[in-house]
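Protein chains in written order, with my numbering: chain A, 1 to 412; chain B, 1001 to 1412.
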């Protein structure tokens, strides 16, 4: 009998919550009725959790002012989730959502200060993390906080370096842990942290900071062929990224939460979305490192909301008028089949990765979608589950056993 | 009998409204009780109006979303002003206040777009101006809208040029006029528009766009000697700027609203504030171009509000706990003496200004505080009211009569 990854005895399924009305702008006019109706939709699929995204500058409009009403709105949303037996992960610093950055006036223009390095800003962030975490932890259905949704996206306004970002994240995770020791404290980045050689947020930190690793799988980064049925590179991308993250952690038992995954147009044509989603889930679900799957996103966005990228409007499991999409039905079916205790998946072969993402982050492009390594992994993956193993651990039997790896395949 | 400037038969006195609690962040938790208590303070001084400052991105968090509740909060504030017989001027685009820029996510980072040139942003601004003006115009005590408080401050994030800024302002003023023909439509800039040669907002526009000219007199720009009793350059600065604005308009009868003036530390020591304010008022009040005087600002800001410049915390007429300051009492006394029908001030001498601010804006530094021209004007001003006349109009008798200028003094 092999060791199951801690906390992964049952797969978790959830949705990233985008309100059906008013997008995230709706926080300024929080509506319990809308949230209740939306969560009823989600619970009906058999989901067990939601990730929620408060908007940082609306809760902390001044560095010294953390609005009680802003926190109360968040708590009310959490309590409504509890009505539907939905657990909640709170993302703290938005920060960034679907191309929109929300930054308070106290880090802008005349107060232009680095979110990552300025000590006054960091003291403000620590206070924010502390207060939001303390409040969230009072609710039993909250199980995790994430520093923010893809905080690396804040970089365009704020050049920084990898040492800085790691220190920044560790400091805020420590603040979260102190304020809310019961909650998982997590760090989330977009996939460039795994794929872009120059990205100042490194795999070492994504795979080391926080209580488990989170990944966000963007199929539009995964060798898409827009308009055609998604190929194996697309449907296996979530599994690939989970595997890369598992291989990228020093701890062979560290779980990986597939925190954002979806089926966006045009890379996934609407008619293919349900089948493609099911193939994606079926490929990633046996991965022994997988903690859970959270869908981006819960609800479509009304087209009256301006300036989102076209693909962002209809990424929901539900339409804005609460119709369940075929892919949502497919997700519900998968949840029905997969939510019981996990059966042992058996050992898998693993492809050796010659790139050490920790010591050589500048080589990340060599594992990105479309690289020779990725291409070979996708080819072999079609025969069944396939791990990734770092070259320096390819002979480490204990490591291989912990990761449920049998055969080790050198690259051809 | 000479022609009085239209609309200046009685001087108007008001305050720029900074709430006693929560600074402008308080818009996110609008409190009618706070506003009522604050306006009671102001009405007690004999003031007849307030300028109010809604925060743009909180009313328009998405380009296509203008929040009804945001507008309703503004209307409630206006109605509370009416309870105290206070008229209201609404500043539209904040935009900028006391060093804080408030910018929505749809013009930031990933959506980085020029507030001044991007057509989508401008369409959003036109919609915002339209809706806020239409709403404001439903209230009889609203008499004016200003595009925003010192919109030129938005420039650090957004390089632009003078032709652009003029077109931008004209377009939005046209939108305001269409939406609210009854209201004065105004444009306000900080004094660099008059003094800084390279500033991309020009005197021609400040003195030509909108229904009257507004000026903001910052005594910290006016040859201050911090810690010492304010000298004549400081106490006459408001009058100088009103005069420069009057001389800088093609229309000799165009009124000038001294829309922001104050007595900030350390340029004006606290013990000198009341006397200094009175000298300032006594010098500017006889100016025939003067439409009114609005004090920056109504109430002090709680020190718990972080990151304001030190001098910004205690610029109120009232403390945060509603104590009337000596300078407020002095202002009330001045209002009592000055609020009746204005008596003819008689003709004044004028100093010829060789710098044509319209055709040669790059020469603006030659009229800035501390320049030879300003120094001579201050010296002569000590003998009594003194106009400024552009050289090319120094022989234009009709113009001189309209501006109530008798003798024309060439510079020594």
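C-beta atoms are modelled at their ideal positions from N, C-alpha and C, and glycine is treated no differently.
Assigned secondary structure, residue i (DSSP; H/G/I helix, E/B strand, else coil)
| i | result |
| --- | --- |
| residue 1281 (chain B) | helix |
| residue 374 (chain A) | helix |
| residue 57 (chain A) | helix |
| residue 2 (chain A) | Low per-residue confidence applies at residue 2 (chain A): pLDDT is 37, beneath 50, and the placement is therefore not dependable enough to give any value. |
| residue 1019 (chain B) | coil |
| residue 111 (chain A) | helix |
| residue 1353 (chain B) | strand |
| residue 419 (chain A) | For chain A, the structure presents residues 1 to 412; residue 419 (chain A) sits outside this window and is missing. |
| residue 1069 (chain B) | helix |
| residue 1220 (chain B) | helix |
| residue 1090 (chain B) | strand |
| residue 1013 (chain B) | strand |
| residue 306 (chain A) | coil |
| residue 1140 (chain B) | coil |
| residue 1388 (chain B) | strand |
| residue 1212 (chain B) | coil |
| residue 1416 (chain B) | Given a span of 1001 to 1412 for chain B in the structure shown, any question on residue 1416 (chain B) remains unanswerable. |
| residue 1153 (chain B) | helix |
| residue 317 (chain A) | coil |
| residue 1041 (chain B) | helix |
| residue 1182 (chain B) | coil |
| residue 397 (chain A) | helix |
| residue 33 (chain A) | helix |
Spatial distance of residue i from residue j (CA atoms)
| i | j | result |
| --- | --- | --- |
| residue 153 (chain A) | residue 190 (chain A) | 8 Å |
| residue 234 (chain A) | residue 61 (chain A) | 41 Å |
| residue 1184 (chain B) | residue 186 (chain A) | 53 Å |
| residue 229 (chain A) | residue 372 (chain A) | 22 Å |
| residue 1226 (chain B) | residue 76 (chain A) | 51 Å |
| residue 216 (chain A) | residue 1169 (chain B) | 43 Å |
| residue 1345 (chain B) | residue 1024 (chain B) | 39 Å |
| residue 1079 (chain B) | residue 1132 (chain B) | 15 Å |
| residue 1140 (chain B) | residue 1051 (chain B) | 15 Å |
| residue 252 (chain A) | residue 320 (chain A) | 41 Å |
| residue 1089 (chain B) | residue 59 (chain A) | 28 Å |
| residue 145 (chain A) | residue 134 (chain A) | 11 Å |
| residue 370 (chain A) | residue 236 (chain A) | 13 Å |
| residue 232 (chain A) | residue 36 (chain A) | 38 Å |
For residue j and residue i, believed in contact at Cβ under 8 Å, the rounded distance
| i | j | result |
| --- | --- | --- |
| residue 307 (chain A) | residue 1111 (chain B) | 6 Å |
| residue 1143 (chain B) | residue 1087 (chain B) | 5 Å |
| residue 1367 (chain B) | residue 1352 (chain B) | Actually they do not touch by this definition, with Cβ atoms about 12 Å apart. |
| residue 1211 (chain B) | residue 1287 (chain B) | That belief does not hold up - the Cβ atoms of residue 1211 (chain B) and residue 1287 (chain B) are roughly 18 Å apart, past 8 Å. |
| residue 1106 (chain B) | residue 1073 (chain B) | In fact, because the Cβ distance is near 21 Å, the residues do not count as touching under 8 Å. |
| residue 1219 (chain B) | residue 1267 (chain B) | 5 Å |
| residue 1281 (chain B) | residue 1245 (chain B) | That pair is no contact at about 17 Å. |
| residue 65 (chain A) | residue 1069 (chain B) | Not quite, the Cβ-Cβ distance comes to about 20 Å (not below 8 Å), so this is no contact. |
| residue 387 (chain A) | residue 243 (chain A) | 6 Å |
| residue 1315 (chain B) | residue 1297 (chain B) | 5 Å |
| residue 1136 (chain B) | residue 1180 (chain B) | 7 Å |
| residue 1042 (chain B) | residue 1013 (chain B) | Rounded, the Cβ-Cβ distance is 10 Å, inconsistent with contact. |
| residue 33 (chain A) | residue 19 (chain A) | Not really, about 11 Å apart at Cβ, beyond 8 Å. |
Beta-carbon proximity list for residue i, same chain, < 8 Å, skipping 5 on both sides
| i | result |
| --- | --- |
| residue 1011 (chain B) | 1285, 1290, 1291, 1292, 1293, 1338, 1339 and 1342 |
| residue 164 (chain A) | 116, 117 and 200 |
| residue 161 (chain A) | 200 |
| residue 126 (chain A) | 171, 172 and 175 |
Interface residues of chain C facing residue i [CB-CB closer than 8 Å]
| i | result |
| --- | --- |
| residue 382 (chain A) | Chain labels in this structure do not include chain C; the protein chains are A and B. |
Contacting residues, own chain, Cβ-Cβ under 7 Å from residue i (five flanking each side not counted)
| i | result |
| --- | --- |
| residue 1277 (chain B) | 1263, 1327, 1330 and 1331 |
| residue 1149 (chain B) | 1053, 1091, 1094, 1095, 1096, 1097 and 1188 |
| residue 406 (chain A) | 347, 348 and 349 |
| residue 15 (chain A) | 42, 47, 50, 294, 295, 297, 298 and 317 |
| residue 158 (chain A) | 114, 115 and 116 |
Contacting residues, own chain, Cβ-Cβ under 6 Å from residue i (five flanking each side not counted)
| i | result |
| --- | --- |
| residue 248 (chain A) | 203, 207 and 357 |
| residue 197 (chain A) | 362, 364 and 365 |
| residue 63 (chain A) | 106 and 124 |
Short-range partners of chain A found in the stretch 1286-1305 of chain B, where Cβ spacing is below 8 Å: 1304 and 1305
Against chain B: residues of the stretch 9-40 of chain A by CB proximity under 8 Å: 22, 23, 25, 28 and 29
Determine which residues of the stretch 106-127 of chain A have a Cβ less than 9 Å from any Cβ of chain B, and write them out in chain order. 106, 108, 109, 110, 111, 112, 120 and 124
Determine which residues of the stretch 1077-1109 of chain B have a Cβ less than 7 Å from any Cβ of chain A, and write them out in chain order. 1099, 1100, 1101, 1102, 1103, 1105, 1106, 1108 and 1109
Taking a cut of 7 Å between CB atoms, which residues from the stretch 1306-1336 of chain B lie near chain A? 1306 and 1307
The stretch 46-70 of chain A: which residues have C-beta closer than 7 Å to a C-beta of chain B, in chain order? 58, 61, 62, 63, 64, 65, 67 and 69
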